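Engineer: One structure follows; several queries about it will come next.
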Amino acid sequence: MIDKRVATAAEALADVKDGSTVLVGGFGQVGHPMALIDGLIEHGAKDLTIVCNNAGIGTSGLPRLMKLGRVRKIVCSYPRTAAVFSELYAAGKLELEITPQGTLAERIRAGGAGIGGFYTRTGVGTLLAEGKETRDIGGVSYVLELPLKGDLALIEAWEADRWGNLIFRGSGQNFNPIMATAAEKTVVQVQKVHDLGTIEPTAVVTPSIFVDRIVEIPYAPPYQAISY
Amino acid sequence: MIDKRVATAAEALADVKDGSTVLVGGFGQVGHPMALIDGLIEHGAKDLTIVCNNAGIGTSGLPRLMKLGRVRKIVCSYPRTAAVFSELYAAGKLELEITPQGTLAERIRAGGAGIGGFYTRTGVGTLLAEGKETRDIGGVSYVLELPLKGDLALIEAWEADRWGNLIFRGSGQNFNPIMATAAEKTVVQVQKVHDLGTIEPTAVVTPSIFVDRIVEIPYAPPYQAISY
Amino acid sequence: MRSAADRMTGPGLDGRKAIARLIARDIPEGWHVNLGIGIPTLVGDLVPEGREVLFQSENGILGMGPAPDETLADPWLVNAGKQNVTLLPGASLFDHALSFTMIRGGHLDLCVLGALEVAENGDLANWSTSASDTAPAVGGAMDLAVGARRIWVAMEHTTKQGVSKLVRHCSYPLTASGVVKRIYTNLAVIDVTARGFEVIELIADVDFETVQARTDAKLHRKDVAG
Amino acid sequence: MRSAADRMTGPGLDGRKAIARLIARDIPEGWHVNLGIGIPTLVGDLVPEGREVLFQSENGILGMGPAPDETLADPWLVNAGKQNVTLLPGASLFDHALSFTMIRGGHLDLCVLGALEVAENGDLANWSTSASDTAPAVGGAMDLAVGARRIWVAMEHTTKQGVSKLVRHCSYPLTASGVVKRIYTNLAVIDVTARGFEVIELIADVDFETVQARTDAKLHRKDVAG
């Protein structure tokens, strides 16, 4: 019987290696896997590259991981959400690869879909295209962007089954479905695991093939819902 | 009030021009918009390029359109489904652009997503990569594929609302959701139009932004379900 | 009532709402629209009653409704500015890949963005104040700027220091080249045309010369050559 | 019981099922598997009871169950061969973009394909008999061949004319280079290794020399050097 449930975040993350690239889902705090990030903090892995749209909020989760000096580099579109990031970056203690949000999403999708690279108009003629190949296709300028893959993806979904089919709530999809496709191991934090067959085949957003481990964390609202 | 419903296929297709590129959904007969193809036959447009995974089955629909001499070219992965195609192709009366199925899907998605081109391993070193740029990325060989867009997309969905949100049944998604994104005008044949709000926001597969016109055709099974 | 002088030194919330209301007035029924952070976000609540406009958020929402009462807000539903939002009947929810298919693929009729500077050729600078920014953040601005069919900018006409944000050439790093079609400020509504900035509407009691005096680029009068 | 001679002249349905049964025997629980048209399709119904294997179809299905009774078939649900199929509890349905994300992105543990020829370096030819094919058709074969983590081939050992389908070099147009890992025929199970074809199992009463005589490339014995 296929059963991807594990009891704790610690167990789900036991084999994470130093130097890993970790894709972390969420947009703001919605769909952001706080319990798994706490697990990563506990685990102790260091020299990490974090791929996440934001750099976290406040002092828990990603900001704490950064503060503990465990993050070497962050790849994101909008890091200016946590004071810790700004301090460490200004002090030269954190590498930053800033990527337009749609390009970040498409690079992750490309990583999951076996695409070797793609051309986008986004960023052409700007600082963020510097050092990248640009190319004229049909009279339009494009920049070549390369895929992004993770050793590990940490994502949050609303509900699952033991095979790992996932559904999401509200705006909780965001980067999670594409990140699930783009890592060697995808670990999911869900609020409820249902019997197989409870989630309708047409309702599945992330098919089970993309999920490796499931940690059930009882129902709770997103860690923090802040307007800023 | 936004209302994309039109009464008939004829009305939905009134402005189709000769020489159009038409994306046609479906895999076999499932999700294949037979009523809209009949409308296109009635309309009389000629010199068409048809993009469809298969070349139809039997003598109705696409085979009839081809038989009437209205198709200049077909872009597909598996045309060997209709005798009419094979005859016309052998007689030099039909151009064929054969594309691996996954590359066909990705080219259509790229067309809809504003991607100027992408690199795939599919087809490298084969006849289907001849004349295309190949490139080494990270020690792996890829071939450059370009996006596919349509002047028109003809798709079939299961149910809709008046804004054009779509849901699909069974294996009826196939090429339909990506084709809906990749044409100037997307016309959908659905079996039922519901009140706005009946389809749950999380259940929507094709968001309304991608749909231009909806023709309601009462519930019926796919035109033909043949094993071959 | 706020005076013309107030509007020239920069609007408060009322002034920002006034800009947003003009934009809402000009969005036709049936358009699909993404709203940037700041003044643009205010547009969503100001569309005239009964006009169906579909607001998109890059984190995966199409069909956002009015801002919720704070106590009734669904914490799982936020917009690009991480504010709680509501859904209209007919809304849809999806992931970032499909969201940016909408954005990059040219499916949005309009995106309304804030700006640091707009140049008379339509260049937009709205993400960074220098190449050595201590904490650069671009979000979805670059994708939206090249992807939406039209870019309108909503901004105060000048900085707090009175420096024009409409310029001949951008001095800040670009978000995208030649993309802005129209600018709504506290002083005027200005189209970006082949000949440069063209004033199509003056706000309340401000006259053309006053707006020109506050603008670091030549303004043209609509329907007047030269 | 069919004789060894029968198996050498090409199997009927029983013989094709025998090949498929061997493959089904060798697929571990938990694998995600795409089955090509022909003998591979038969594998789906032959997985030992109670072993959970997820079968994928490139037209947007994961978790196909046994073939349905014809009268109960859902006409909206077909596999890559356009045959009606069923869904297991836990199945999912999706579009071609996501389906080929699975395929091209390396998420399938295995794809079982038919073949016209397999070369000793793992080259696969299974889509076209010549560059001037009068009606070429590739389907998803090229995507599957490069995308799945493992390619196993299920085929008769020789053509009806007795010509070996295991060859030194493919003469038909390639589907993909160097991708085949294992071949199941009516005579043997053969791994494709660094040294070429390696027989890992002989079927019933066929001996190694007989298989070698029917094969247009050198066969190696497993665990025997040279």
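Chains as they are written, first to last, in our numbering: chain A, -2 to 225; chain B, -2 to 225; chain C, 320 to 545; chain D, 320 to 545. For each residue, glycine too, the CB sits at the ideal point set by N, CA and C. Computed from a prediction, not measured in an experiment: that's the story for all the values here.
One question on the structure: do Ala110 (chain B) and Thr420 (chain C) come within less than 7 Å of each other, judged by their Cβ atoms?
Structural biologist: yes
Engineer: Which bits of chain B does Gly379 (chain D) rub up against, with CB to CB less than 7 Å?
Structural biologist: Ser168, Gln170, Asn171
Engineer: At what residue ranges does the segment 335 to 402 of chain C contain a whole run of the alpha helix (DSSP H), taking only runs of 4 or more?
Structural biologist: 358 to 361
Engineer: Out of curiosity, what's the CA-to-CA distance linking Gly28 (chain B) and Glu153 (chain B)?
Structural biologist: 5 Å
Engineer: For Asp44 (chain B), does the three-state DSSP call read helix, strand or coil?
Structural biologist: coil
Engineer: Would you list, in chain order, the members of the segment 341 to 365 of chain D that have their beta-carbon closer than 8 Å to a beta-carbon of chain A?
Structural biologist: Glu348, Gly349, His351
Engineer: Please tell me whether Ala269 (chain D) and Ile346 (chain D) are closer than 7 Å, where the distance is taken between their beta carbons.
Structural biologist: Limits of chain D in this structure are 320 at one end and 545 at the other, which puts residue 269 (chain D) out of reach.
Engineer: How about Gln98 (chain B): is its C-beta nearer than 7 Å to some C-beta of chain D?
Structural biologist: yes
Engineer: What are the start and end residues of the alpha helix (DSSP H) that includes Arg69 (chain B)?
Structural biologist: Note, Arg69 (chain B): premise wrong, no alpha helix (DSSP H); beta strand (DSSP E) at 68 to 73.
Engineer: If you draw a straight line from the C-alpha of Thr504 (chain C) to the C-alpha of Leu149 (chain B), how long is it?
Structural biologist: 39 Å
Engineer: Starting from Asp414 (chain C), follow its DSSP beta bridges and name the residues at the other end.
Structural biologist: A:Asn171
Engineer: Which residues mark the beginning and the end of the alpha helix (DSSP H) in which Lys500 (chain C) is found?
Structural biologist: Segment 499 to 503 is the beta strand (DSSP E) holding Lys500 (chain C); no alpha helix (DSSP H) there.
Engineer: Measure how close the beta-carbons of Phe172 (chain B) and Ile105 (chain B) come, nearest whole angstrom, since I'm counting them as under 8 Å.
Structural biologist: 7 Å
Engineer: Please classify Ala513 (chain C) as buried or exposed, where buried requires at least 16 other C-beta atoms within 10 Å of its C-beta.
Structural biologist: exposed
Engineer: Any idea which residues DSSP pairs Cys430 (chain C) with across the strands?
Structural biologist: C:Asn353, C:Ile470
Engineer: According to DSSP, simplified to helix, strand and coil, what is Asp35 (chain B)?
Structural biologist: helix
Engineer: Candidates A:Trp160, A:Gln188, A:Gly122: which alpha carbon is nearest Tyr216 (chain A)'s?
Structural biologist: Of A:Trp160, A:Gln188, A:Gly122, the smallest CA-CA separation from Tyr216 (chain A) is found for A:Gln188.
Engineer: Which word fits Gln26 (chain A), buried or exposed, when buried means at least 16 other C-beta atoms lie within 10 angstroms of its C-beta?
Structural biologist: buried
Engineer: Assign Glu127 (chain A) to one of two classes, buried (16 or more other C-beta atoms within 10 Å of its C-beta) or exposed (fewer than that).
Structural biologist: exposed
Engineer: CA-CA distance, Val13 (chain B) and Leu93 (chain A)?
Structural biologist: 50 Å
Engineer: Between the beta-carbon of Val184 (chain B) and the beta-carbon of Glu213 (chain B), is there less than 7 Å?
Structural biologist: Not closer than 7 Å, so no.
Engineer: With C-beta atoms as the reference, is Pro97 (chain B) less than 7 Å away from Gly120 (chain B)?
Structural biologist: The beta carbons of Pro97 (chain B) and Gly120 (chain B) sit closer together than 7 Å.
Engineer: Please list, in chain order, the chain B residues whose beta carbon lies closer than 7 Å to that of Pro408 (chain C).
Structural biologist: Leu193, Gly194
Engineer: Is there contact between the segment 67 to 87 of chain A and the segment 442 to 457 of chain C, where contact requires at least three CB pairs shorter than 8 Å?
Structural biologist: yes
Engineer: Run down chain C in chain order and give the residues with a C-beta less than 7 Å from the C-beta of Met(-2) (chain B).
Structural biologist: Glu371
Engineer: Considering only residues of the segment 514 to 542 of chain C, which uninterrupted alpha helix (DSSP H) runs meet the minimum length of 4 residues and lie entirely inside it, listed in chain order?
Structural biologist: The segment 514 to 542 of chain C is shown to contain whole alpha helix (DSSP H) runs of 4 or more residues at 527 to 532, in chain order.
Engineer: What residue does the alpha helix (DSSP H) around Thr100 (chain B) start on, and which one ends it?
Structural biologist: 98 to 110
Engineer: Report buried or exposed for His488 (chain D), applying the criterion of at least 16 other Cβ atoms within 10 angstroms of its Cβ.
Structural biologist: With fewer than 16 other Cβ atoms within 10 Å, it is exposed.
Engineer: What runs of the alpha helix (DSSP H), each 4 residues or longer, lie entirely inside the segment 145 to 220 of chain A?
Structural biologist: 173 to 178
Engineer: Throw me the rounded Cβ distance for the Met176 (chain B) and Leu59 (chain B) pair, which I believe falls under 8 Å.
Structural biologist: Incorrect: roughly 14 Å between the Cβ atoms, too far for contact.
Engineer: So what's Pro76 (chain B) in DSSP terms, helix, strand or just coil?
Structural biologist: coil
Engineer: Does the Cβ-Cβ distance between Tyr116 (chain B) and Tyr139 (chain B) come in under 7 Å?
Structural biologist: yes
Engineer: Cα separation between Glu232 (chain A) and Gln186 (chain A)?
Structural biologist: Nothing can be reported for residue 232 (chain A), as the shown portion of chain A is limited to -2 through 225.
Engineer: Gln480 (chain D): buried (16+ other C-beta within 10 angstroms of its C-beta) or exposed?
Structural biologist: exposed
Engineer: Using a cut-off of 9 Å between C-beta atoms, extract the partners of Lys500 (chain C) located in chain A.
Structural biologist: Chain A residues near Lys500 (chain C): none, gap ~17 Å exceeds 9 Å.
Engineer: State the Cα-Cα distance for the pair Gly161 (chain B) and Val202 (chain B), rounded to the nearest angstrom.
Structural biologist: 11 Å
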